[in-house]
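Numbered according to our numbering, the sequence shown spans residues 48 to 861.
Don't be surprised by glycine CBs; every beta carbon is placed ideally from N, CA and C.
Everything on this sheet refers to the single structure shown next.
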Amino acid sequence: MKEKFRVYGERTPKATERELFNRKLSKIAAEEGIVLLKNEGVLPLQGETVALFGNGARLTVKGGSGSGDVHERYSVNVEDGLKNNGISVVTSPWLERFSAEYEHDKKDYVDRVEKAIKGYKVWNVMAMFQKIGEFKLAYPTGDKITKDDLVKADVAMYVIARQAGEGDDRKLEKGDYLLSDLEKKNIDLLARTYRKVILVINAGSIIDIAPIEHEVQAIVYLGQPGEEGGNALGEIVSGKVSPSGKLTDTWGMTYADYPTAAFRQDEKLEEYYYEGIYVGYRYFEAKGHRPLYPFGYGLSYTTFNTAYQSLEVDGSSVRLRAKVTNVGAKAGKEVAELYLARPNRKLPGEKKFLVAYKKTKVLQPGEEEEVTLVFDLAKVGAYDEKESRFFLEEGSYGLYLGGDVLEAKPVAVLLLKEDIVTEIVSKSCPKKRDFVDLALSTAKDDYEGLPVFEVEKFQPITHSYDYPLPQVSPKVQHYLDTLSNKELARLAMGGGFFSKHFIRVPGAAGNTTSRLLQKGIPPIIMSDGPAGINLLQNGAVTRSGMTRYIGSLPEQWQWGWLKKWGPKLKFLYAKDKDIKIYQYCTAWPNATLLAMSWNDDLLFEVGKAVGTEMRAMGVTLWLAPALNIHRDPLCGRNFEYYSEDPLISGHMARSITMGVQSVGGVGVTIKHFACNNRENNRTEVNSNLSERALREIYLRGFRIALEARPWALMSSYNRINGVYAADNRDLLVKILRNEWGYEGLVMSDWDGADHSKYESVLRNGNNMIMPGRKEVYQKLLAAIKDGRLDRKTLLYSAAYALNLIFAAATSQGF
Ligand code: BGC
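The following block contains the structure:
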């Protein structure tokens with residue numbers, strides 16, 4: 048191996064065919080996910096002029112902040128998206144004023160930060176950045192609309208935007224979950240002035256719009272729509288595309304209607320999931336809370352009729368055929384949703400839950416499509432904690448078909464004449480303190496007159512709890528036989544940020560070791576997601592393999608002495624002879640918006656496009672998709688996750704994984720395993736929950752996602768019933784390996800193993816401690832030396848790591 052280093056990315060800043068193709072796909076993805084929540088004859092527009100207001104009109108939020116951010120070439124905001132679709136916007140003065148106000152706020156923020164970091168010098172640069180991190184630039188909620196701003200227009204549109212990100216939960220406060228006073232006043236004024244008002248919600252998760260819902264005539268949930276969001280919205284409001292997105296969360300009338308309003312412990316380190324399995328619509332239905340908008344809901348410009356056709360039961364497999372007909376006057380797509388109601392006599396349960404769904408193609412008026420909705424009864428049993436098994440109790444199971452959870456009606460009945468045990472498992476993750484989950488009883492509907500299908504008993508799934516080393520190739524076996532324990536330890540951790548990387552990908556979040564290059568083991572590169580690939584737009588590498596900036600320091604470094612002296616530190620910047628790398632990656636809609644497409648095929652295509660980009664950039668592992676459950680609308684990272692429902696979460700993660708991995712030589716990292724449902728104190732919080740809620744709600748999506756054989760999986764920061772997820776043998780070995788047969792690599796979240804002893808983390812099923820640093824290596828060596836860490840444990844790490852490393856496209860030629 049003679050090369051000093053390898054570089055990828057593009058050699059010119061010019062947009063490639065790939066970038067242009069992805070831009071188009073990003074727009075299609077946004078269009079498929081945007082949800083029309085209300086429409087009283089306002090949309091689509093028919094050439095009307097628009098008086099546009101609101102903080103998201105020009106400063107449209109394309110995605111969340113933190114590791115889930117993407118540095119795309121450019122994004123299209125709502126204002127431009129409307130104009131690009133021939134809609135005339137007549138409120139430039141307000142928009143200009145608001146932009147100026149934002150610039151003023153930004154300047155004020157920069158001044159405050161600069162003042163606070165005045166004393167920091169070269170030697171305490173890390174402390175300086177820590178200080179900077181304490182300041183936040185508040186997202187402005189808008190400028191007052193005055194009488195002069197109320198220009199003549201046919202329609203008013205108000206765009207409410209919110210920003211959220213990693214490390215912080217959203218707040219049940221005005222300007223965040225609640226509307227600010229100013230937003231309310233502005234919308235009131237518009238409602239009094241204009242006959243037609245359209246509200247657009249540009250937020251990664253739910254906000255409380257109930258107080259003004261009746262004042263406006265149309266509502267569009269734009270989510271965080273990625274780089275083409277403005278254009279996608281423009282196409283929808285102008286009628287070029289009929290909306291076909293459906294909610295993957297319940298929008299409550301008030302936050303008080305969510306179970307977390309009662310059970311959330313917020314700043315405390317102990318979080319009790321008292322609501323058990325009653326998350327999202329499962330809670331709303333069982334409690335009889337009428338939501339503002341139910342799970343699965345979304346309007347179109349046309350109307351559909353979804354009719355039951357036939358049903359087949361074959362062993363545990365159920366196939367229901369339905370006919371979807373476009374009975375309206377415009378073209379559009381519909382989602383057929385299928386829910387199952389269990390009898391709930393032996394164990395309390397939810398009224399019904401999603402078991403299958405299918406989105407149609409575009410149906411012209413009068414056109415119909417037959418869809419087949421398939422699910423496996425072996426996977427929908429209730430978990431009986433006492434017996435450690437999943438089962439289906441005898442009785443009648445209603446199948447509900449329709450366009451959202453409330454609208455779905457019973458169409459057929461499955462009849463079980465006796466209990467069927469579907470899976471026998473081993474007791475895992477026991478509670479530390481005994482508490483009883485909420486138990487709610489749900490009224491049964493009348494199934495009189497519906498077709499009944501008997502289900503024959505089938506065999507339960509059983510498991511062996513041996514844990515052999517994974518299958519490896521002869522090449523990997525050779526390394527396992529010949530590497531020393533010290534060398535194996537290098538593979539049990541990340542390569543670290545400051546180590547010498549053999550592959551140069553500016554902005555990547557992590558890598559494996561470069562220290563074994565001489566042995567023929569290359570490193571691989573990991574990059575964040577899930578809204579795209581989170582890399583710097585550019586960087587340079589010298590002929591000897593050092594990294595440089597192009598032109599100036601990246602914006603995030605431009606503070607204090609660095610900002611002042613940065614331009615003079617010539618050695619930091621690329622010279623003509625250096626290799627310049629350009630990495631314009633696509634910003635896709637946020638995960639929830641993607642999920643609201645209810646379109647598995649689309650997620651596959653998006654995944655494939657991400658995989659193609661990864662190959663071009665030299666990235667092997669995408670640190671995505673993320674599929675934690677939306678337990679609480681206030682979780683700061685909900686935008687990175689798909690839904691309150693495990694089935695749709697799992698399906699989305701599975702489809703995008705299949706897409707990425709179909710490219711070959713690249714893989715995904717599904718995360719954060721598991722119960723990382725809060726951001727405040729995320730590295731220490733203890734998620735206390737019953738094994739039933741854990742298995743039926745919080746793990747179920749991960750299990751579905753594993754069907755796509757993701758290359759890697761990331762454990763979460765938090766504890767589960769007192770044990771850190773990163774150090775949790777029940778979770779990482781018993782459930783993941785033994786019961787689910789997972790064959791990929793398990794890694795910790797970044798510094799997520801630091802609360803535990805590293806050797807224990809490895810022993811308990813985590814194969815790679817990320818991101819890796821000198822101290823981790825030293826501790827591992829000390830543990831090897833005094834016998835706390837044995838070779839067998841290290842071999843697991845090395846086997847999983849090497850399997851992955853040699854499957855990487857970037858490892859070709861080694
Ligand atoms: C986040 C992960 C991310 C990692 C690497 C962590 O703080 O929780 O989602 O992949 O950083 O950037």
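Query: Please confirm whether residue 741 and residue 787 have their CB atoms less than 8 angstroms apart.; Result: no
Query: Check whether the Cβ atoms of residue 717 and residue 650 lie closer than 8 angstroms to each other.; Result: no
Query: Would residue 113 and residue 641 be called neighbours here (beta carbons separated by less than 8 angstroms)?; Result: no
Query: Looking at residue 773 and the ligand BGC, is the gap between the Cβ and the nearest heavy atom below 7 angstroms?; Result: no
Query: Find out if the Cβ-Cβ distance for the pair residue 249, residue 108 is shorter than 8 angstroms.; Result: yes
Query: Quick one: using the 10 Å Cβ neighbour count with 16 as the cut-off for buried, is residue 298 buried or exposed?; Result: buried
Query: Taking just the CA atoms, how far does residue 273 sit from residue 343?; Result: 22 angstroms
Query: Determine the DSSP secondary structure at residue 402, reduced to helix, strand or coil.; Result: strand
Query: Going along the chain, which unbroken runs of the beta strand (DSSP E) with 3 or more residues stay wholly within the stretch 693–733?; Result: 714–720
Query: To the nearest angstrom, how far is the alpha carbon of residue 514 from that of residue 780?; Result: 8 angstroms
Query: With DSSP run on the structure shown, which of helix, strand or coil describes residue 131?; Result: helix
Query: Once you ignore the five residues that flank residue 824 on each side, which residues in its own chain have a CB closer than 8 angstroms to its CB?; Result: 536, 537 and 540
Query: For a quick check, are the C-beta atoms of residue 756 and residue 790 less than 8 angstroms apart?; Result: yes
Query: Less than 8 angstroms between the CB atoms is what I'm expecting for residue 213 and residue 683, so what's the real figure, rounded?; Result: 7 angstroms
Query: Excluding the five sequence neighbours on either side, which residues of its own chain have a C-beta within less than 6 angstroms of the C-beta of residue 73, listed in chain order?; Result: 273, 274, 275, 633 and 635
Query: Tell me the residue span of the beta strand (DSSP E) that contains residue 858.; Result: It is not in any beta strand (DSSP E) - residue 858 carries neither H nor E in the DSSP assignment.
Query: Would you decide whether residue 859 is buried or exposed? Buried here means 16 or more other CB atoms lie within 10 Å of its CB.; Result: exposed
Query: For residue 803, which option in 130, 784 and 769 has the closest C-alpha, if you only look at C-alpha atoms?; Result: 769
Query: Looking at C-alpha atoms only, which residue of 206, 620, 542 and 844 is the closest neighbour of residue 806?; Result: 844
Query: Among the residues of its own chain, which have a CB less than 6 angstroms from the CB of residue 678, if the five just before and after it don't count?; Result: 326 and 724
Query: Rounded to whole angstroms, what is the Cα-Cα separation between residue 91 and residue 76?; Result: 19 angstroms
Query: Under DSSP, the alpha helix (DSSP H) around residue 112 begins and ends at which residues?; Result: It is not in any alpha helix (DSSP H) - residue 112 carries neither H nor E in the DSSP assignment.
Query: To the nearest angstrom, how far is it from the Cα of residue 486 to the Cα of residue 312?; Result: 20 angstroms
Query: Quick one: complete alpha helix (DSSP H) runs, 4+ long, within the stretch 592–651?; Result: 607–612 and 638–642
Query: Using CA atoms only, rank isn't needed, just tell me which of 429, 820 and 106 is closest to residue 744.; Result: 429
Query: Kindly indicate which three-state DSSP category residue 298 falls into: helix, strand or coil?; Result: strand
Query: Kindly indicate which residue of 796, 817 and 403 has the alpha-carbon position closest to the one of residue 427.; Result: 403
Query: Looking at the strands, I want to know which residues DSSP matches up with residue 54.; Result: 551
Query: Residue 664 by DSSP, collapsed to three states: which one?; Result: helix
Query: Expressed to the nearest angstrom, what Euclidean distance is found between the alpha-carbon atoms of residue 828 and residue 367?; Result: 58 angstroms
Query: Residue 729: buried (16+ other C-beta within 10 angstroms of its C-beta) or exposed?; Result: buried
Query: So, with DSSP's three-state summary, where would you put residue 61?; Result: coil
Query: Any residue with its C-beta under 7 angstroms from a non-hydrogen atom of the ligand BGC counts. Can you list them all in chain order?; Result: 114, 213, 556, 557, 575, 670, 673, 718, 719, 761, 764, 796 and 797
Query: If we ignore side chains and look at the alpha-carbon of each, how far apart do residue 584 and residue 857 end up?; Result: 20 angstroms
Query: Kindly provide the ranges of any beta strand (DSSP E) runs that are 3 or more residues long and lie completely inside the stretch 207–292, ordered along the chain.; Result: 244–249 and 265–268
Query: At the level of alpha carbons, what is the spacing between residue 371 and residue 648?; Result: 18 angstroms
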